[in-house]
Structures are given as structure tokens and as C-alpha cells.
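Novice: If you read the sequence shown in full-length UniProt numbering, its first letter stands for residue 1, the second for the next number, and so on.
Ideal Cβ positions, reconstructed from N, Cα and C, are used throughout, including at glycine.
Mind having a look at this structure? Questions to follow.
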Amino acid sequence: MDHLLQVKNLEVNFKTYGGEVKAVRDVSFHVDKGEIVAIVGESGSGKSVTVQSIMGLIPTPPGIIGKNSSIEFQGQELLKMSKRQMQKIKGSKISMVFQDPMTSLNPTMRVGKQIEESLIVHGRASKAEAKKQAIEMIRLVGIPNPESRYNQYPHEFSGGMRQRAMIAIALACSPELLIADEPTTALDVTIQAQVLELMKSLQEKTNTSIILITHDLGVVAETAERVIVMYAGMMIEEGTVEEIFAKPGHPYTWGLLESTPDVTTADKKRLVPIEGAPPDLFAPPKGCPFAPRCRYAMDVCIDHMPPSFEVIEGHKGHTAKCWLNDERAPKVAHEPIVV
Ligand code: SF4
Ligand code: MG
Numbered sequence: 001m002d003h004l005l006q007v008k009n010l011e012v013n014f015k016t017y018g019g020e021v022k023a024v025r026d027v028s029f030h031v032d033k034g035e036i037v038a039i040v041g042e043s044g045s046g047k048s049v050t051v052q053s054i055m056g057l058i059p060t061p062p063g064i065i066g067k068n069s070s071i072e073f074q075g076q077e078l079l080k081m082s083k084r085q086m087q088k089i090k091g092s093k094i095s096m097v098f099q100d101p102m103t104s105l106n107p108t109m110r111v112g113k114q115i116e117e118s119l120i121v122h123g124r125a126s127k128a129e130a131k132k133q134a135i136e137m138i139r140l141v142g143i144p145n146p147e148s149r150y151n152q153y154p155h156e157f158s159g160g161m162r163q164r165a166m167i168a169i170a171l172a173c174s175p176e177l178l179i180a181d182e183p184t185t186a187l188d189v190t191i192q193a194q195v196l197e198l199m200k201s202l203q204e205k206t207n208t209s210i211i212l213i214t215h216d217l218g219v220v221a222e223t224a225e226r227v228i229v230m231y232a233g234m235m236i237e238e239g240t241v242e243e244i245f246a247k248p249g250h251p252y253t254w255g256l257l258e259s260t261p262d263v264t265t266a267d268k269k270r271l272v273p274i275e276g277a278p279p280d281l282f283a284p285p286k287g288c289p290f291a292p293r294c295r296y297a298m299d300v301c302i303d304h305m306p307p308s309f310e311v312i313e314g315h316k317g318h319t320a321k322c323w324l325n326d327e328r329a330p331k332v333a334h335e336p337i338v339v
């Protein structure tokens, strides 16, 4: 079966006065119909640049997208599309929810009207039907009193309600793919859980595929089916949630898991921050980008970029770019985390 979205060899650089920043390198992954895929990593790891590339939001210049990069959506190459073609796809087939809804909600327009506009612009409803559908969307995302909320402005909504309104706008046109960039990071923990729950239940109803960007593995465990771990602009591990939590194959992922409180037991586990800082993306190391912070680094890691290794034999989709997975590498014990 063809994938809904297929990203191949994505490379994004930015020209700056200080030189060229290698923001994303060698990123390849796919998303299937109805799947929730999480992209995890620290800030600056290339998660946002990756999804901005999908949305055609990388300004070129200063951005430069690699010649061999490809992003296919429903079999169509997005990187070759004109602004107009892209505009058609955005909002109707692929839509996006951002961390701060205030940057994307129009403060001077009633929330209900903003949902209506999205429906009308993309031809999903006539003017006459749009209001009814907008109210229905407000109800669907769990905002109480949809009829009166319809007439309110964004500033009359709480943070969590605004994020729900954003989701209503994003889902109004029943997109095939919803990209959510840290959608709950700005919210407090209870509201965060509610918004994630909402996204999951809407996903089940509509079978929309979701790319969820987060730095929080707790959010991943609760929501996603597959995980991509990014570090220094590269994908360093990929697998199902079960695979990544049970047998992570990269020391950076081990570090991430150790610095995540146990979501299942709510244990006050000691948080272990990963020591050191990510590499300089003006001149990333030629070998493994994690080597300067990795306590298992070997000679080979310094000079040679690790290829993708299968972490568990036979688990084709679970790969990690770490030399420890080479059969010649010393066996390093890492305690699995059971979810
Ligand atoms: Fe550490 Fe080497 Fe693996 Fe990189 S390739 S994460 S330096 S062991
Ligand atoms: Mg970001």
C-alpha cells in the first residue's frame, strides 16, 4: 500500500551571516492512513523544521532544501508544488495546530466565524450551512455552550479552550493529515491530558493521520503508535511506542526515557537530565552527533556516522543510528522501561 506521506532524504539548511546551519539531515519516514506518529527531541533537534517543510513553510532563501529531498503526499511531490497548489492542500488536506493558539487565531474575529471561514474557503460548506457546521465543530471539540461560544472572541476563551478551538478549525475540513507542533506544551497538565484525549478520540472517529511533535515522552506513550526520535537535525531512532519503550536502541533515547517521569505509576522517579549540549549545527561532527555527550562513545563513533541498524532482529521498523547495535560492538546493558 502506498503511504499517505513519504518523506525521503530531507535536508534543510539555512544561510546565515555566521555560515550555513544544517537544521535537518537525512530524514526519511512515512505516515500511513489513520496513524499517529510522534516526533520527539529537544528544541533545536529539527522537529519543527521537518514539519514546516511538509507544510511548505520554509522560506527559501534563507532556507535551502536538499536537491535529493522528497516529500510525497498522496503520491504528489509537495516540494515541487507552486505556492497556489500548496495553498489548496493546506487547511483542506493537511492542517496544522501550533503550540500557541494565539499566534494562529485571529484576535479580532469571533471564534465561530473563524471556523466558518475555514469551511467556506475550502468549499466544505455553503454560507448557509457553515454556521450550523461551525457550532457542531465547537460541540465536537468539547467546548460547552457552543451556541454562545460561537459568538465570542479568542480572548474570552481560556488557554485550553483556545487550543480546542484551534483543533476545531484544523479539523473543520476533515484533513487527511493533522500536524500538531507541541500542541499542549503551553497548557497545564490536566488540560494537556484533556486536549490529547480529545485529539485521540477525534482521530478515532475521523481516521485522520496525525504527526505529533513533542519533547515529552509521557505524551508519546499516551497518544502515539509510532515514534521518531530526532537529535541534532537527524533521525536517530524509529520504532513503535512499545519497541522504543521496551528496548530503546540509542543512548540518547535511553537518556530521554530516564529523564521522563513514569507516566504509568506516577512515580516520583529521579529526573536525570542528559549532560552536555547538542552539537553546533554550523559544523556538526562528522561521526555520530551524540558522541560528545555519549558515555559509550567508541573510536568508530568519532569518525564514522552510524548507519541505521535493526535494533531487534526481525523488527524491521525499529532502527537506530548507533554503533552499539553493530554485532561487533561491546554489549552494553540498559535497563528496559516497561509501559
Ligand atoms: Fe554513542 Fe557511538 Fe552510539 Fe553515537 S554511535 S550514540 S557515540 S555509542
Ligand atoms: Mg519547535
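Measuring from each Cβ to the nearest heavy atom of the ligand SF4, keep the ones under 6 Å and list them in chain order.
Specialist: H250, P251, C288, F290, A291, C294, Y296, A297, M298, C301, P306, C322, W323, L324
Novice: Which residues in the same chain as P101 place their Cβ atom closer than 6 Å to its Cβ, once the five residues preceding and following it in sequence are excluded?
Specialist: R162, Q163, M166
Novice: K93 and P175: beta carbons closer than 7 Å?
Specialist: yes
Novice: Hey, is the region 26 to 40 in contact with the region 221 to 236, meaning 3+ C-beta pairs nearer than 8 Å?
Specialist: yes
Novice: Sort Q99, K90, Q133 by Cα distance to E147 and report the nearest one.
Specialist: The shortest Cα separation from E147 among Q99, K90, Q133 belongs to Q133.
Novice: In chain order, what residues of the same chain have a beta carbon less than 6 Å from the beta carbon of G66, not counting five sequence neighbours either side?
Specialist: E11
Novice: Tell me the DSSP secondary structure of E72 in three-state form.
Specialist: strand
Novice: Run the CB neighbour count on G276, radius 10 Å, all protein chains shown included, and call it buried at 16 or more, exposed below.
Specialist: exposed
Novice: For I191, which residues of its own chain have a beta-carbon under 6 Å away from its beta-carbon, when the five flanking residues on both sides are left out?
Specialist: Only G160 meet the Cβ criterion.
Novice: Quick check on DSSP: helix, strand or coil for G159?
Specialist: helix
Novice: Under three-state DSSP, which class holds S308?
Specialist: coil
Novice: Counting only runs that start and end within the region 57 to 145, where is the beta strand (DSSP E) found for 3 or more residues in a row?
Specialist: 63 to 65, 70 to 73, 94 to 97
Novice: Locate the beta strand (DSSP E) running through V220, then write down its first and last residues.
Specialist: Where V220 is concerned, there is no enclosing beta strand (DSSP E), although the alpha helix (DSSP H) it sits in stretches over 217 to 223.
Novice: Spatial neighbours of R84 within its chain, please: C-beta separation below 7 Å, excluding the five flanking residues on both sides.
Specialist: none
Novice: For the ligand GTP, any of its heavy atoms closer than 6 Å to the Cβ of Q203?
Specialist: This structure does not include the ligand GTP; its bound ligands are the ligand SF4 and the ligand MG.
Novice: Helix, strand or coil for L4? Go by DSSP, reduced to three states.
Specialist: coil
Novice: Take every Cβ of the region 120 to 127, pair it with every Cβ of the region 191 to 206, and state whether three or more of those distances are shorter than 8 Å.
Specialist: Segments in contact, no.
Novice: Apart from the five residues just before and just after I89, which ones in its own chain have a Cβ nearer than 6 Å to its Cβ?
Specialist: none
Novice: For E139, which residues from the same chain have a beta carbon less than 7 Å from its beta carbon, with the 5 sequence-adjacent residues on both sides left out?
Specialist: It should be pointed out that residue 139 corresponds to Arg in this sequence rather than to Glu. Closer than 7 Å at Cβ, skipping near neighbours: P146.
Novice: If I213 sits next to E237, beta carbons under 8 Å apart, how far is it from one beta carbon to the other, in whole angstroms?
Specialist: 16 Å between Cβ atoms; not a contact.
Novice: Taking 7 Å as the CB-CB limit, is P278 close to chain D?
Specialist: Looking for chain D here will not work: only one protein chain is present.
Novice: To which residues of the same chain is Y153 closer than 8 Å at the C-beta, ignoring the five residues directly before and after it?
Specialist: If you ignore the 5 residues before and after Y153, its C-beta comes within less than 8 Å of the C-beta of P107, T108, M109, R110, V111, all in its own chain and listed in chain order.
Novice: Please report the straight-line C-alpha distance between F14 and V195, rounded to a whole angstrom.
Specialist: Counting only the Cα atoms, V195 lies some 34 Å from F14.
Novice: For G19, count neighbouring C-beta atoms within 10 Å of its own C-beta (all shown protein chains included) and say buried if the count is 16 or more, exposed if not.
Specialist: exposed
Novice: Can you tell which of M234, V219, K22, G46 has its C-alpha closest to the C-alpha of F245?
Specialist: V219
Novice: So what does N13 bridge to, in DSSP terms?
Specialist: K22, I64
Novice: Please state if the CB of S308 and the CB of K316 are separated by a distance shorter than 7 Å.
Specialist: no
Novice: If you follow the beta strand (DSSP E) that V49 is part of, which residue opens it and which one closes it?
Specialist: Note, V49: premise wrong, no beta strand (DSSP E); alpha helix (DSSP H) at 47 to 54.
Novice: Just how far apart, CA to CA, sit M305 and G314?
Specialist: Roughly 23 Å between the two C-alpha positions.
Novice: Between which two residues does the alpha helix (DSSP H) containing E313 stretch?
Specialist: Where E313 is concerned, there is no enclosing alpha helix (DSSP H), given that its DSSP letter is neither H nor E.
Novice: Check for me: the alpha helix (DSSP H) holding S201 runs from which residue to which?
Specialist: Counting along the chain, the alpha helix (DSSP H) containing S201 begins and ends at 189 to 206.
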